[in-house]
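Residue numbers (UniProt numbering): 1 to 184.
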C-alpha cells in the first residue's frame with residue numbers, strides 16, 4: 001500500500017496552479033522501477049509555439065531503495081531550443097545546472113542525492129531542417145523529503161521554474177500573479 005506521503009503528493013499534484021502558457025497532463029509511469037508512481041508532461045508556450053517541454057515523475061517504493069537513499073525519487077527531463085550563440089558558451093552547462101539547483105532552493109524543495117546531466121547540442125540542418133535551432137536538455141533526479149511536514153508542491157513549483165528558466169522565461173516570485181497577455 002502506498003504511504004500517506006505518496007497519497008498526499010498525488011493530491012497536491014491536482015491542486016498545483018500552473019503558470020499561464022503551461023499545458024500539463026498526467027502521463028503513464030515506468031512500471032518496473034517502483035510499485036507506485038505518478039508522472040506529468042508539460043509544454044510551455046509563448047502563445048504561438050511551444051518553447052519548452054518536460055516531464056516529471058515521482059516514484060515511490062515503501063520498502064525503500066538503496067540507490068535512492070530513501071523511498072521516493074523524483075526524475076525529471078526538460079528541454080528547450082536555444083540560439084546558436086548561447087550553445088557555444090562554455091559555461092552554459094554549469095549555468096543550466098544552477099537553474100535546477102536555484103529552482104529547488106528558491107521553492108524550498110527539500111531534497112538530497114541530486115544527480116543529473118546537462119546536454120547542449122547544435123546540429124547544422126539542411127533542406128527542410130535548415131532552420132533547426134540548438135537545444136539544451138537537463139535530466140536529473142533527486143530524493144525528496146516527503147512526509148507530514150514536507151510536501152510535494154515545492155518540487156512541482158521548482159520543476160515549473162526549471163522549465164521556465166531553460167525556456168528563457170523568468171519564474172515569478174511566490175505570491176506574484178502574471179497578468180494574461182503579452183509576455184515578451
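Don't be surprised by glycine CBs; every beta carbon is placed ideally from N, CA and C.
Using CA coordinates, which residue listed in 62, 108, 65 and 58 is at the minimum distance from residue 30?
Along the chain shown, read from residue 1 onward, the residue named residue 30 stands at position 30. Ranking 62, 108, 65 and 58 by Cα distance to residue 30 puts 58 first.
Are the Cβ atoms of residue 109 and residue 138 separated by less than 8 Å?
As a working mapping, residue 109 is identified with position 109 in the chain shown. As a working mapping, residue 138 is identified with position 138 in the chain shown. No; because the gap between Cβ atoms is not below 8 Å, this pair is not in contact.
Kindly confirm or deny that the stretch 43-52 and the stretch 18-27 touch, where touching means at least three C-beta pairs closer than 8 Å.
Enough Cβ pairs lie closer than 8 Å, so yes.
Under 8 Å between the Cβ atoms of residue 52 and residue 167?
Position 52 of the chain shown, counting from 1, holds the residue named residue 52. Position 167 of the chain shown, counting from 1, holds the residue named residue 167. In this structure, residue 52 sits near residue 167, with a CB-CB distance shorter than 8 Å.
Going straight from the alpha carbon of residue 77 to that of residue 128, what length do you get?
Start at 1 with the first residue of the chain shown, and residue 77 comes out as number 77. Start at 1 with the first residue of the chain shown, and residue 128 comes out as number 128. The alpha-carbon atoms of residue 77 and residue 128 are separated by roughly 27 Å.
Which term fits residue 79, buried or exposed, when burial requires 16 or more other beta carbons within 10 angstroms of its beta carbon?
One-based indexing of the chain shown puts residue 79 at position 79. With at least 16 other beta carbons inside 10 angstroms of its own, residue 79 counts as buried.
Neighbourhood of residue 50 by C-beta, 8 Å cutoff - its chain only, sequence neighbours within 5 removed:
Translated into the one-based positions of the chain shown, residue 50 becomes position 50. Its chain contains 43 and 44 as the residues whose beta carbon lies nearer than 8 Å to that of residue 50, once the 5 sequence neighbours on both sides are disregarded; these appear in chain order.
Just the C-alpha distance for residue 60 and residue 126, rounded to the nearest angstrom, thanks.
Within the chain shown, the letter at position 60 stands for residue 60. Within the chain shown, the letter at position 126 stands for residue 126. One C-alpha to the other measures close to 45 Å.
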